[in-house]
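The block underneath contains the structure these notes are about, expressed in structure tokens.
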Amino acid sequence: MLVAKDCHNVLVEAGRARRGEFFYCPFCKKRLLLCHGEIRIPYFAHSARDNCNSFSENESEIHLLAKQKIKEATERLGYRAELEKVLPLISQRADLIISDSAGKELAIKFQQSPISIPRLRERNQGYKSIGLSVIWFLGPNYSFTNPSQRTVFKFADQETKVYYYDQNKHEIIILTALFKRDYYKFEPVVHRVPFNSFIKNFFLKQSLTEQSEEILINKKILFKQANALQKDLLLKRVPTEICRLVYKHRHINVACGPWIIHQGTQAGLKTTNWHWRLMIILELEEFDQDNLCPVSYLSKKFTSDKYFYERSIESQFAKHAFLKLLQELVEKGIIDLKLSYVLVKRLPIWFENYQQKLFFLR
Numbered sequence: 001m002l003v004a005k006d007c008h009n010v011l012v013e014a015g016r017a018r019r020g021e022f023f024y025c026p027f028c029k030k031r032l033l034l035c036h037g038e039i040r041i042p043y044f045a046h047s048a049r050d051n052c053n054s055f056s057e058n059e060s061e062i063h064l065l066a067k068q069k070i071k072e073a074t075e076r077l078g079y080r081a082e083l084e085k086v087l088p089l090i091s092q093r094a095d096l097i098i099s100d101s102a103g104k105e106l107a108i109k110f111q112q113s114p115i116s117i118p119r120l121r122e123r124n125q126g127y128k129s130i131g132l133s134v135i136w137f138l139g140p141n142y143s144f145t146n147p148s149q150r151t152v153f154k155f156a157d158q159e160t161k162v163y164y165y166d167q168n169k170h171e172i173i174i175l176t177a178l179f180k181r182d183y184y185k186f187e188p189v190v191h192r193v194p195f196n197s198f199i200k201n202f203f204l205k206q207s208l209t210e211q212s213e214e215i216l217i218n219k220k221i222l223f224k225q226a227n228a229l230q231k232d233l234l235l236k237r238v239p240t241e242i243c244r245l246v247y248k249h250r251h252i253n254v255a256c257g258p259w260i261i262h263q264g265t266q267a268g269l270k271t272t273n274w275h276w277r278l279m280i281i282l283e284l285e286e287f288d289q290d291n292l293c294p295v296s297y298l299s300k301k302f303t304s305d306k307y308f309y310e311r312s313i314e315s316q317f318a319k320h321a322f323l324k325l326l327q328e329l330v331e332k333g334i335i336d337l338k339l340s341y342v343l344v345k346r347l348p349i350w351f352e353n354y355q356q357k358l359f360f361l362r
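In this text, residue positions in the sequence shown follow UniProt numbering: the first is 1, and each later residue adds one.
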């Protein structure tokens, strides 16, 4: 930790603290040690016997340096920056609180170590309860060159953007355009933004990234995905319960499913796009043509954590993804939407064999 209170109850930064004086934790009030070596930057630490719920003793040198560097850069821009500010109303503390002359505030959290979704969700809900915006900057322990969908959607904000802090270049790396094709690598669009521009644009409410268009699915990609699914089926890599469900609906096999199951680019799914789309198509088959099915019923079933990665914030991401698919089905003439109900007009074509399916694509 970089901040402590002295014997006069005044906050003091470790870099300005004097040896021989007494310092205390702003949260638990226990006495702290001033650590001032030749390699690491100065910092405060609790005694090994003390247990503080707010301040971790495991912050790396990277974490400490990042907080200090961000604070100094923010102050040079004319903003006020408070290190490790304790927020008593929610029993939390932010790595940094940045505020402008109008009183608008932003909390910064620098995350270098693992953190569970329940813990992350608890912290985000705490900030939300006091009306404080928060941005999580991921450190070098989290890869932005090869990110997992689980990590990305764990830390993604309301705009489904993820932020990394590059300490060497003093830049914010923003991941956007979160699309995923089956059997292709997950590759979000990476934007590099100078830290100064990032902070200025936050307080000016200006966008730093352009809206990206969804990736397209052409015949070559469809052919590749269909062949990959056929191979998975032959190698018995398709879950047994899916195969059984397809047989129950009197279809030949998964690989002979309609082409629409291969046309998805939805990111954030624990399953493949073809799996999610297939399950929705099979659900629609349960309803006869011209019969109505509540949208709420389908939405609840296909936007759950069974299909989508958990988020640490309240988000309509999964619901929007589902409604987007419904609109696609409307455009293809498969369903119609009547107020809050789905009307099945015609079901997509299943094929009698895999060769017939490939011929249909030509």
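The C-beta atom is built at its ideal place from N, Cα and C for all residues, glycine as well.
8 Å contact criterion, which H63 and Q112 should meet: CB distance rounded: Within the sequence shown, numbered from 1, the residue matching residue 63 stands at position 63. Within the sequence shown, numbered from 1, the residue matching residue 112 stands at position 112. The pair is a contact, with the Cβ atoms about 5 Å apart (cut-off 8 Å).
Taking 8 Å as the limit between beta carbons, can you name the residues of its chain near Y341, skipping five residues before and five after? Numbered from its first residue, the sequence shown carries residue 341 at position 341. Exclusion of the five residues before and after Y341 leaves L292, C293, P294 and V295 as the residues of its chain whose Cβ lies within less than 8 Å of its Cβ.
Endpoints, the beta strand (DSSP E) within which Y341 is located: Position 341 of the sequence shown, counted from the first residue, corresponds to residue 341. Y341 to V344 is the extent of the beta strand (DSSP E) around Y341.
From which residue to which residue does the alpha helix (DSSP H) around A226 run? Position 226 of the sequence shown, counted from the first residue, corresponds to residue 226. From DSSP, the alpha helix (DSSP H) with A226 extends over K219 to L234.
Three-state secondary structure assigned by DSSP to Q111: In the sequence shown, counting from the first residue as 1, residue 111 sits at position 111. Note: Q111 maps to strand in three-state DSSP.
Mind checking whether F144 and I173 have CB atoms under 8 Å apart? Translated into positions along the sequence shown, residue 144 becomes position 144. Translated into positions along the sequence shown, residue 173 becomes position 173. Going by C-beta atoms, F144 is nearer than 8 Å to I173.
First and last residue of the alpha helix (DSSP H) that includes S116? For the purposes of this step, residue 116 is taken as the residue at position 116 of the sequence shown. S116 -> no alpha helix (DSSP H), and no H or E assigned at all.
Is L343 near I334, with beta carbons less than 8 Å apart? Within the sequence shown, the letter at position 343 stands for residue 343. Within the sequence shown, the letter at position 334 stands for residue 334. No, they are not a contact pair.
Runs of beta strand (DSSP E) lying entirely within the stretch 267 to 323, each at least 3 residues, in chain order: List check, beta strand (DSSP E) in window: 292 to 294.
Please name the residue or residues paired with F360 in a DSSP beta bridge. Against the sequence shown, residue 360 aligns to sequence position 360. According to DSSP, which records beta bridges pairwise, F360 is partnered with nothing at all.
Work out the CA separation of I261 and L235 for me, nearest whole Å. Position 235 of the sequence shown, counting from 1, holds the residue named residue 235. Position 261 of the sequence shown, counting from 1, holds the residue named residue 261. Their Cα atoms are separated by approximately 20 Å.
At which residue ranges does the stretch 46 to 100 contain complete beta strand (DSSP E) runs of 3 or more residues, listed in the order of the chain? 80 to 87 and 92 to 99
Which value, in whole angstroms, describes the spacing of the CA atoms of E57 and F195? The count along the sequence shown starts at 1 and reaches residue 57 at position 57. The count along the sequence shown starts at 1 and reaches residue 195 at position 195. Reliability of the predicted coordinates at E57 is poor, the pLDDT of 48 falling under 50, and no value is obtained from them.
Could you tell me how far apart the beta carbons of L361 and K219 are, in whole angstroms, since I believe they sit closer than 8 Å? Counted from its first residue, the sequence shown places residue 361 at position 361. Counted from its first residue, the sequence shown places residue 219 at position 219. That belief holds up - the Cβ atoms of L361 and K219 are roughly 6 Å apart, short of 8 Å.
How about L2 and I199: do their beta carbons lie closer than 8 Å? Locating residue 2 in the sequence shown gives position 2, counting from the first residue. Locating residue 199 in the sequence shown gives position 199, counting from the first residue. The Cβ atoms of L2 and I199 lie no closer than 8 Å to each other.
Spatially closest choice to F205 from S133, R181, A226 and A255, by CA coordinates: Start at 1 with the first residue of the sequence shown, and residue 205 comes out as number 205. Checking the sequence shown, residue 205 turns out to be Lys, not Phe. Of S133, R181, A226 and A255, the residue nearest in Cα terms is S133.
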